[in-house]
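Visitor: Have a look at this one before I ask anything.
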Amino acid sequence: MKYAVAIDGPAGAGKSSVAKEVSKRIGFIYVDTGALYRTVALYLLNNNIEASETEKIAEALKHIEVSMEHKEDGQHVFLCGEDVSHLIRTEPVSMMASTTSALPIVRSFLFDLQVEMANKYNVLMDGRDIGTVVLPNAQVKIFLTASAEERAKRRLLEYQAKGQDVSFDFVLQEIIKRDNQDMNRATAPLKKADDAVLLDTTALDFNEVCDKMIEIVSSKIPL
Ligand code: DC
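Count along the sequence shown from 1, add 634, and you get the number used in this note's numbering.
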């Protein structure tokens, strides 16, 4: 039997950094599903396809091949065989991923890949609809959140560390806009599963969040 930990929450709640650390500690494969939506978004941006051009997107999906590999340094995503992991963490890709992930054709395109991973490995998977749609039977579900201001602060630091020059207000507005898009879409909106544990990280530091999460996981899965 495979174990699954589903982590959902809004942009910038710290899902990926915490999930990476916790998965290492418990020996599970970390699956970052946002990276898959970002990879599709990157293809669309590269090919000048707009989020509103659903027919072109449907056509494009016939040619897009998305895959992932888990290496020593974490998850890598591939677009038609090319490792694009370093190209997907930009603001335009974030926004395009948020907009196009509302489309059912994009969601169903990526669905099987996510379920396959959970069938093969013990996974800690993060996203927006993991506990509600992708892995509704996950043994552990956590909804990770923090205030929009705190999330913007954390995102800003990430951008600055990568030398990307953006203002706090810009990042905050983008986060609020993405929250709205992700929570209000018709298909698989971001929401807490009824059986998920709510973890608000606004006042917690990285280690405290990791410890809390391990505590929740070990109360439900024999580690
Ligand atoms: O987790 P992230 O910020 O890398 O995700 C980028 C976008 O992809 C996010 O705004 C919404 C979408 N997404 C989704 O709809 N479902 C998921 N399971 C993961 C991400």
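Glycine is no exception: its CB is placed at the ideal position from the N, C-alpha and C atoms. Just so you know, these numbers come straight off a predicted model, no measurement behind them.
#1: How should F777 be labelled, buried or exposed, when 16 other C-beta atoms within 10 angstroms of its C-beta is the threshold for buried?
#2: For the beta strand (DSSP E) holding V831, just list the boundary residues, first then last.
#3: Between the Cα of T835 and the Cα atoms of G661, A731, P644, which residue gives the shortest distance?
#4: If we ignore side chains and look at the alpha-carbon of each, how far apart do V831 and A640 end up?
#5: Pull the bridge partners of K796 from the DSSP assignment, please.
#6: Taking only heavy atoms of the ligand DC into account, decide whether any of them is closer than 8 Å to the Cβ of K649.
#7: On the three-pair Cβ rule with 8 Å, is the stretch 727-742 touching the stretch 663-677?
#8: Check S719 in the structure and name its three-state DSSP category.
#9: Work out the CA separation of L833 and T779 for me, nearest whole Å.
#10: What are the residues that DSSP puts in a beta bridge with T779?
#11: For the alpha helix (DSSP H) that A692 lies in, which residues bound it at each end?
Guide: In short, the structure shows the following:
#1: One-based indexing of the sequence shown puts residue 777 at position 143. Classification for F777: buried.
#2: Position 197 of the sequence shown, counting from 1, holds the residue named residue 831. Here the beta strand (DSSP E) through V831 covers 831-834.
#3: Here the question's residue 835 lines up with position 201 in the sequence shown. Here the closest residue by C-alpha is P644.
#4: By 1-based counting over the sequence shown, the position of residue 831 is 197. By 1-based counting over the sequence shown, the position of residue 640 is 6. Each residue's Cα considered, the two are about 10 Å apart.
#5: Mapped onto the sequence shown, residue 796 falls at position 162. None; K796 has no bridge partner.
#6: On the sequence shown, position 15 is the one that residue 649 refers to. Answer for K649: yes, Cβ within range of the ligand DC.
#7: yes
#8: By one-based count along the sequence shown, residue 719 stands at place 85. In the structure shown, S719 sits in a helix (DSSP, three-state: H, G or I).
#9: Translated into positions along the sequence shown, residue 779 becomes position 145. Translated into positions along the sequence shown, residue 833 becomes position 199. Whole-angstrom Cα-Cα distance: 6 Å.
#10: As a first step, residue 779 must be located in the sequence shown, where it is residue number 145. Paired residue(s): D834.
#11: Reading the sequence shown from its first residue, position 58 is the one you call residue 692. It spans 688-695 - the alpha helix (DSSP H) in which A692 sits, taken as one unbroken run.
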